[in-house]
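Under mature numbering (1 follows the signal peptide of the UniProt record, and there is no 0), residues -19 to -1, 1 to 174 are what the sequence shown spells out, in order. Think of the CB as a built atom: it goes at the ideal place given N, C-alpha and C, for glycine as much as any other residue.
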Amino acid sequence: MRKSLIFLLAVFLLTACQSKIITTKTVDMYNASGDMVGTAELSEEADGVKIKLKLEGLTPGFHGIHVHEYPKCDAPDFKSAGSHLNPEGKEHGLMHPKGSHLGDLPNVEAESDGLVDAELILPKATLKDGKMSLLRGEGTSLVVTEGQDDGVSQPGGDSGVRILCGKIKSGKGKVPEQTPTDPTEFNEKQKDE
């Protein structure tokens, strides 16, 4: 009887601990005017964090996108987000021969209607605990820039001003905020019209 009780208690504790591990996260993206312009769905994958990005209202063409070190998105310039997430002290740029910042991502392209529907992977990143976590401390942020990241220029790819920002909050000690209506739900309808 006692062994059964200990076994059940151990199973309960393991199950309870596993349920607290975050494997997905939704990030609301805002422009400098404070309008919600889309979402980024983050999910833990074997090779990093996958980001499903749905945005609207961008200038057609390529835009840089990076994970930054603080979960702060103070408009209009979003400089409160800090620098690119770089826990290993690397140089900037996916094409840099000495490696890149953890927060460096490939450019995304806005179509002629200003919509972005992209899927990206952030290699080596995690939503779990650790040095490479996007949720360490209070969290990080996801920032989109006005222009294209050239992949090598220091310190940030010469991609222009920050135009969109979303907080990747860890939720440690914070009360969840209400999520506004997602305007990108209408993207498919806009494309069909």
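| message | Using the Cβ count rule (16 or more neighbours within 10 Å means buried), how would you classify MET76? | response | Locating residue 76 in the sequence shown gives position 95, counting from the first residue. The residue in question, MET76, is exposed, as its Cβ has fewer than 16 Cβ neighbours within 10 Å.
| task | Please specify which runs of the alpha helix (DSSP H), each continuous and at least 4 residues long, are wholly inside the stretch 76 to 152, giving them in chain order. | result | none
| said: Does SER61 come out as helix, strand or coil in the three-state DSSP assignment? | reply: As a position in the sequence shown, residue 61 is number 80, starting the count at 1. Residue state, collapsed to three classes: helix.
| message | Under 7 angstroms: does the beta carbon of LYS6 sit that close to some heavy atom of the ligand MG? | response | The ligand MG is absent from the structure shown, which contains no ligands of any kind.
| message | What does the Cβ neighbour count give for GLY152, buried or exposed, with the cut at 16 atoms within 10 Å? | response | Locating residue 152 in the sequence shown gives position 171, where the first residue counts as 1. GLY152 should be labelled exposed.
| field | Three or more C-beta pairs below 8 angstroms linking the stretch 53 to 61 and the stretch 110 to 117 | value | no
| Anyone know if the C-beta pair for THR121 and HIS49 falls short of 8 angstroms? | In the sequence shown, the residue the question calls residue 121 occupies position 140. In the sequence shown, the residue the question calls residue 49 occupies position 68. In this structure, HIS49 lies closer than 8 angstroms to THR121 by Cβ.
| query | Helix, strand or coil for ALA21 per DSSP? | reply | The residue labelled residue 21 in the question sits at position 40 within the sequence shown. DSSP places ALA21 in strand when its eight states are reduced to three.
| Among THR107, VAL124, LYS35, which one has its Cα closest to the Cα of residue 186? | Nothing can be reported for residue 186, as the shown portion of the chain is limited to -19 through 174.
| request: Closer than 8 angstroms by C-beta to VAL133: which residues in its own chain qualify, once you throw out the five before and the five after it? Chain order, please. | output: By one-based count along the sequence shown, residue 133 stands at place 152. The residues are HIS73, GLY74, MET76, HIS77.
| request: Identify every residue that forms a DSSP beta bridge with LYS33. | output: Residue mapping note: residue 33 aligns to position 52 of the sequence shown, counting from 1. Per DSSP, GLU22, GLU100.
| C-beta contact flag for VAL8 and LEU108 at 8 angstroms | Reading the sequence shown from its first residue, position 27 is the one you call residue 8. Reading the sequence shown from its first residue, position 127 is the one you call residue 108. No.
| request: Answer yes or no: do ASP98 and HIS47 have a C-beta to C-beta separation smaller than 8 angstroms? | output: Your numbering for residue 98 matches position 117 in the sequence shown. Your numbering for residue 47 matches position 66 in the sequence shown. No, they are not a contact pair.
| query | Is ASN67 helix, strand or coil by DSSP? | reply | Position 86 of the sequence shown, counted from the start, is the residue given in the question as residue 67. Looking at ASN67 - three-state DSSP - the assignment turns out to be coil, as it is neither helix nor strand.
| query | Helix, strand or coil: how does DSSP classify HIS44 here? | reply | The residue labelled residue 44 in the question sits at position 63 within the sequence shown. Taken through DSSP and simplified to helix, strand or coil, HIS44 comes out as strand.
| field | LYS71 versus SER81 - alpha carbon distance | value | In the sequence shown, counting from the first residue as 1, residue 71 sits at position 90. In the sequence shown, counting from the first residue as 1, residue 81 sits at position 100. Taking the straight line joining both Cα atoms gives about 6 angstroms.
| said: Buried or exposed for ASP130, going by 16 or more other Cβ atoms inside 10 Å? | reply: By one-based count along the sequence shown, residue 130 stands at place 149. Buried.
| query | Can you give the Cα-Cα distance for SER140 and LYS53, rounded to whole angstroms? | reply | Locating residue 140 in the sequence shown gives position 159, where the first residue counts as 1. Locating residue 53 in the sequence shown gives position 72, where the first residue counts as 1. Their backbone Cα atoms lie some 20 angstroms apart in a straight line.
| request: Please report how far the alpha carbon of LYS172 lies from the alpha carbon of ASP94, in whole angstroms. | output: Sequence index remark: in the sequence shown, residue 172 carries index 191 (1-based). Sequence index remark: in the sequence shown, residue 94 carries index 113 (1-based). Note that LYS172 has pLDDT 45, beneath the 50 cutoff, so the model's placement of it is unreliable and the number below is only indicative. Those two C-alpha atoms are separated by around 8 angstroms.
| field | Residue from GLY138, GLU127, ASN67, LEU101 with nearest C-alpha to CYS146 | value | Position 165 of the sequence shown, counted from the first residue, corresponds to residue 146. Closest option to CYS146, Cα to Cα, is GLU127.
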